[in-house]
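**Student:**
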Amino acid sequence: MRNKLYARAALWLAAVLAAVSLSGCHGERKDALSDGNGAAQMAAPAAEITAEAPAAPETPESRTPEPTESVIPAAFTACSIRTARFETFRYWLYTPANPAENMPLIVYLHGGSGKGDDLEQITAVDGFPQYLRDGKLGDVRAYVLIPQLPDTEKSWLNAAAAISELIETTVSTYALDRNNISLTGHSMGGTGTWALACASPELFARIAPLSGSVRNAADTAEKLKNVPVRAFVGAADTIVPPDSSEETVAALKAAGDDAEITVFTGADHFTVPSLTFLDESIGLVDWLICG
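Going from the sequence shown to my numbering is simple: count from 1 and add 25.
This is how it looks when you write it as structure tokens:
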């Protein structure tokens, strides 16, 4: 009987290992998973299971409990993809625990300090990617894309086509909900959130720009009239003053559109991400997922 239990346990573990392999990223290159502290680690090879001859008769206390449910952990994976514009377009991919089909997708755009060809630049300086990698946002029930803008590009708008390709590949690969894709970002990424949403308003179910700038409030409000907006700015921000975001949200609200802005009193440019994403009463991540 014990031999049968060993065999059953071996089959279960093999199934779990096969399921875990599904949490990897797509694209040209599969990099190591994060160890929770941003350091990369290679996936361990599947263990070989052998069954030994029983040393003593089986008793009720010595029986191995039967597994009831497999668990696939969340993953924060370094990836890249070739697009029409970029030979190598790097990005972080967050895969939720126990992923399923038809899940939402969040796209996050980093600030200016994250530009380059090393994904660790993003997690070193940007709040949201750090919080997501370190588990500070809890069990995020969505896939998350965090692309890296090459340092040859001046703005996210220059990478709009590449981001669209990346979104399409991710949605197709993991069978995600095409009608539930949200966009957010801070600083240059906040400006990019406004700009990319204006360029493709039909692509995003909702957007949340943080500390971003808008060139033409009236034009932006017209293009985003059907896109729910939650903007966040610091009243003491001298790097990207909050005025243009306030004017844009005011224009959206005047037209009867779904738009809100949170102005953090006394907050400078760099404190806005923590005030926004780590405040459970704001619940921005939940809003990005569910609206």
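C-beta: ideal position from N, C-alpha, C; glycine also. From a predicted model like this one, the values you see are computed outputs, not experimental measurements.
Nearest to His211 by CA position, among Ser180, Glu227 and Glu193, is which residue?
**Tutor:** The option with the nearest alpha carbon to His211 is Ser180.
**Student:** List the endpoints of the continuous beta strand (DSSP E) containing Arg255.
**Tutor:** Per DSSP, Arg255 belongs to the beta strand (DSSP E) from Val254 to Gly259.
**Student:** What are the boundary residues of the alpha helix (DSSP H) that includes Ile192?
**Tutor:** Ala185 to Tyr199 is the span of the alpha helix (DSSP H), which, as asked, contains Ile192.
**Student:** Quick one: using the 10 Å Cβ neighbour count with 16 as the cut-off for buried, is Gly316 buried or exposed?
**Tutor:** Gly316 should be labelled exposed.
**Student:** Looking only at DSSP bridge pairs, what is Ala233 linked to?
**Tutor:** Paired residue(s): Thr209.
**Student:** Going by beta-carbon coordinates alone, are Ala292 and Lys250 separated by less than 8 Å?
**Tutor:** For Ala292 and Lys250, no; Cβs fall outside 8 Å.
**Student:** Only counting the same chain, and skipping five residues up and downstream in sequence, which positions put a Cβ closer than 7 Å to that of Arg255?
**Tutor:** Contacts found: Ala233, Glu285, Leu309 and Trp312.
**Student:** For Ala242, report the span of its alpha helix (DSSP H) as first-last.
**Tutor:** Ala242 to Lys248 is the extent of the alpha helix (DSSP H) around Ala242.
**Student:** What residues match up with Leu118 in a beta bridge as DSSP calls it?
**Tutor:** Leu118 pairs with Thr102 and Leu170.
**Student:** Tell me whether the beta-carbon of Asp142 lies closer than 8 Å to the beta-carbon of Arg107.
**Tutor:** No.
**Student:** With a 10 Å radius around its C-beta and 16 neighbouring C-beta atoms as the bar for buried, classify Ile188 as buried or exposed.
**Tutor:** Buried, since its Cβ has 16 or more Cβ neighbours within 10 Å.
**Student:** Please report the straight-line C-alpha distance between Thr245 and Thr273, rounded to a whole angstrom.
**Tutor:** So the alpha carbons of these two residues sit roughly 7 Å apart.
**Student:** Quick one: measure Cβ to Cβ for Thr301 and Leu235, integer angstroms, because I've assumed they're closer than 8 Å.
**Tutor:** Indeed, because the Cβ distance is near 6 Å, the residues count as touching under 8 Å.
**Student:** What do you reckon, are the CB atoms on Ile97 and Asn123 nearer than 8 Å?
**Tutor:** Yes, these two residues count as a Cβ contact at 8 Å.
**Student:** Starting from Glu285, trace the beta strand (DSSP E) both ways and give me its first and last residue.
**Tutor:** It spans Ala284 to Phe289 - the beta strand (DSSP E) in which Glu285 sits, taken as one unbroken run.
**Student:** Helix, strand or coil, according to DSSP, for Val265 in the structure here?
**Tutor:** Residue state, collapsed to three classes: coil.
**Student:** Alpha carbon to alpha carbon, how far is Pro253 from Thr93? Give it in angstroms, no decimals.
**Tutor:** For Thr93, the pLDDT reaches just 49, beneath the cut-off of 50, and the residue's location in the model is therefore unreliable, although a value from the coordinates is still provided. Answer to the nearest angstrom: the Cα atoms are 41 Å apart.
**Student:** Examine the Cβ distances between the segment 196-207 and the segment 258-267 and report whether three or more of them are shorter than 8 Å.
**Tutor:** No contact exists between the segment 196-207 and the segment 258-267.
**Student:** Could you give the residue range of the alpha helix (DSSP H) that holds Ile314?
**Tutor:** Start and end: Leu309 to Cys315.
**Student:** Taking C-beta to C-beta, are Pro121 and Ala103 nearer than 8 Å?
**Tutor:** It is not a contact, given that the beta carbons lie outside the stated cut-off.
**Student:** Looking only at C-alpha atoms, which of Thr216, Gly214, Ile206 and Gly152 sits nearest to Glu227?
**Tutor:** Out of Thr216, Gly214, Ile206 and Gly152, Ile206 has the C-alpha closest to the C-alpha of Glu227.
**Student:** What does the alpha-carbon distance come out to for the pair Glu190 and Val196?
**Tutor:** Approximately 10 Å between the Cα atoms of the pair.
**Student:** Under 8 Å between C-beta atoms, does Ser105 make it to chain B?
**Tutor:** Included in the structure is just one protein chain, with no chain B present.
**Student:** Using the three-state DSSP reduction, which class does Val297 fall into: helix, strand or coil?
**Tutor:** Reduced to three states, the DSSP call for Val297 is helix.
**Student:** Using 8 Å as the threshold, is the C-beta distance between Gly139 and Ser299 below it?
**Tutor:** In this structure, Ser299 does not lie closer than 8 Å to Gly139 by Cβ.
**Student:** Within 10 angstroms of its Cβ, does Gly136 collect 16 or more other Cβ (buried), or is it exposed?
**Tutor:** Flag for Gly136 reads buried.
**Student:** Give me whichever residues DSSP pairs with Val132 in a beta bridge.
**Tutor:** DSSP output for Val132 lists Leu170 and Leu208 as bridge partner(s).
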